[in-house]
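**Student:**
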Amino acid sequence: MSTQIATRGQAERALSQQIQALYRDQLGHRPGKITCQLFDEKLAIVIEDSVTQPEQLLAEDGNIELAEQVREDLDSAIRPRLKSLIETVLQVNVLDLLSDATLETGRTGMIVVLEEPPPVRPSTSRKVAKKGGQNDPKFSEKEE
Numbered sequence: 561m562s563t564q565i566a567t568r569g570q571a572e573r574a575l576s577q578q579i580q581a582l583y584r585d586q587l588g589h590r591p592g593k594i595t596c597q598l599f600d601e602k603l604a605i606v607i608e609d610s611v612t613q614p615e616q617l618l619a620e621d622g623n624i625e626l627a628e629q630v631r632e633d634l635d636s637a638i639r640p641r642l643k644s645l646i647e648t649v650l651q652v653n654v655l656d657l658l659s660d661a662t663l664e665t666g667r668t669g670m671i672v673v674l675e676e677p678p679p680v681r682p683s684t685s686r687k688v689a690k691k692g693g694q695n696d697p698k699f700s701e702k703e704e
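Mapping of the sequence shown onto the numbering used here: position 3 corresponds to residue 563, and the numbering continues sequentially without gaps.
1) In the DSSP assignment, the alpha helix (DSSP H) including residue 732 goes from what residue to what residue?
2) Going by CA-CA distance only, name the one from 634, 597, 594 that's closest to residue 613.
3) Given this structure, state the Cα-to-Cα distance separating residue 610 from residue 604, to the nearest angstrom.
4) Residue 663 by DSSP, collapsed to three states: which one?
5) DSSP beta-bridge partners for residue 621?
6) Please classify residue 668 as buried or exposed, where buried requires at least 16 other C-beta atoms within 10 Å of its C-beta.
7) Looking only at C-alpha atoms, which of 650, 640, 678, 625 sits nearest to residue 662?
8) Spatial neighbours of residue 591 within its chain, please: C-beta separation below 7 Å, excluding the five flanking residues on both sides.
9) Over what stretch of residues does the beta strand (DSSP E) that includes residue 604 continue unbroken?
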């Protein structure tokens, strides 16, 4: 029996769910929405509400530099686990992982450079805007 290769959307959802679990298990923090988007050998990740309670408390008390240092330290601590998680889910090596967080918005953004595009199959659903409807020649499956 062969295992079926995930679609791009399935891989992105699996990553989002596992990143959320990693933050919960390792940092005791449940971030908001996590969006993952694959672009060939690149992966973009946006994590909403990624700032932990201690970071928020430090920032609110005016200790911005200390809050930023805590953020950098947490990022450094979780980076190897995040890299391993991405490699496991996508079945491809991570060459680089760039990340930054903004305390003001509570968002973290990451760009991951992969060794090669991950093995994903095309999505089964077609998300194509229909300008002229089904009879538009641009979207017709038969050649004229």
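Ideal placement from N, C-alpha and C gives every residue a C-beta, glycine not left out. Note that the structure is a prediction, hence the values are computed from the model and not measured.
**Tutor:** Answer, in terms of the structure:
1) In the structure as shown, the chain starts at 561 and stops at 704, and residue 732 therefore has no counterpart that could be examined.
2) 634
3) 15 Å
4) coil
5) Paired residues: none, contrary to the question.
6) buried
7) 625
8) 580, 583, 607, 608, 609, 610
9) 602-607
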